[in-house]
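One structure is given below, encoded as structure tokens.
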Amino acid sequence: MLLPAKAEVARHLRRYRVWERAMLASPDDRRVRATFEDSGYTLCVLMGKRCAREAADAAERYLRTNPGTYLREQGAARPHVGALA
Numbered sequence: 002m003l004l005p006a007k008a009e010v011a012r013h014l015r016r017y018r019v020w021e022r023a024m025l026a027s028p029d030d031r032r033v034r035a036t037f038e039d040s041g042y043t044l045c046v047l048m049g050k051r052c053a054r055e056a057a058d059a060a061e062r063y064l065r066t067n068p069g070t071y072l073r074e075q076g077a078a079r080p081h082v083g084a085l086a
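Take 2 as the starting number for the sequence shown in this note's numbering and just add one per residue.
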């Protein structure tokens with residue numbers, strides 16, 4: 002499984018949190034809501050999740066752990082050495 006660069010994850014998570022606060026402050030503003038939803042979608046794609054809240058949680062876990070630990074927590078199976086032969 003390929004993992005995104007931690008700097009990119011941190012940048013997109015910050016962007017998501019900024020727009021989340023803006024959307025909560027102005028829930029009727031369509032531009033703010035659309036940008037918040039776009040930032041959530043980007044985080045979903047980056048983290049391989051279907052829900053923005055799950056993606057934000059996964060991003061926070063990923064940023065505070067090492068890649069091996071994160072993959073184990075996500076249940077990613079490690080390929081066997083002879084699996085591709």
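Backbone N, C-alpha and C define an ideal beta-carbon position, used for all residues, glycine too.
- Of all C-beta pairs linking the segment 42 to 52 to the segment 60 to 68, three or more are shorter than 8 Å, placing the two stretches in contact.
- Note that the C-beta distance between PHE37 and ALA26 is not below 8 Å.
- At the C-beta level, ALA11 and LEU64 come within 8 Å of one another.
- A check of alpha carbon separations from CYS52 across GLU9, LEU4, PRO28, TYR17 identifies TYR17 as the nearest.
- If the five residues before and after ALA56 are omitted, its C-beta is found closer than 6 Å to the C-beta atoms of LEU44, CYS45, MET48, LYS50, all from its own chain and listed in chain order.
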